[in-house]
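Taken in order, the sequence shown gives residues -20 to -1, 1 to 92; the numbers are from mature numbering (1 follows the signal peptide of the UniProt record, and there is no 0). No residue lacks a Cβ here, since even glycine has one placed at the ideal position from N, Cα and C.
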Amino acid sequence: NSKMKLAALAIVAIVATCSANPLPSGGRHIHRSQDLSGNFKFGYNTPDVWGSHGQEESGHGYARDGSYWLSDPNGYNRAVNYHSDGHGTRQHVHGSENGLYVKNAHYTISPH
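Here it is, written out as structure tokens:
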């Protein structure tokens, strides 16, 4: 009988712990497409209790345009937009003003 009480107490403790620390939720959103010429587009967004992150990209021939981003539950955001072609890759990084991830809110990285 004491073993049954101990088992019941252990189950209650496990349920209480799981309820106090839920697993991340939100769901992942994914899309992708491609035509017969090789033009493509894809992306995803993954929100959860810790923020969200995602990426989108499209391309044709040798050129690519895209972005990726992340945000945390405190409201700090960071995003990178990019273009890549025969002249190199150019990126524009932006984020929260005085944020955790980006001290200067806007700057550009370019090979030229």
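Rounded separation between residue i and residue j - CA only
i: histidine 33; j: tyrosine 48; result: 7 Å
i: proline 53; j: glutamine 71; result: 25 Å
i: glycine 31; j: glycine 75; result: 14 Å
i: glycine 68; j: aspartate 15; result: 25 Å
i: valine 39; j: proline 27; result: Inspection of the sequence shows that residue 39 is occupied by glycine rather than by valine. Cα to Cα, the separation comes out at about 25 Å.
i: glycine 55; j: asparagine 25; result: 17 Å
i: glycine 66; j: valine 73; result: 21 Å
i: alanine 59; j: serine 13; result: 23 Å
Boundaries of the beta strand (DSSP E) in which residue i is found, first to last residue
i: glycine 68; result: 68 to 75
i: asparagine 61; result: 57 to 65
Under 8 Å between C-beta atoms of residue i and residue j
i: glutamine 35; j: glycine 23; result: yes
i: asparagine 57; j: serine 51; result: yes
Top-ranked residue by Cα proximity to residue i, from the options
i: alanine 43; options: Gly7, Leu16, Lys21; result: Lys21
i: isoleucine 10; options: Leu16, Glu37, Val29; result: Glu37
i: valine 29; options: Val60, Ala59, Ser13, Gly7; result: Gly7
Assumed close pair residue i, residue j - CB separation to whole angstroms, cut-off 8 Å
i: tyrosine 62; j: glycine 46; result: 6 Å
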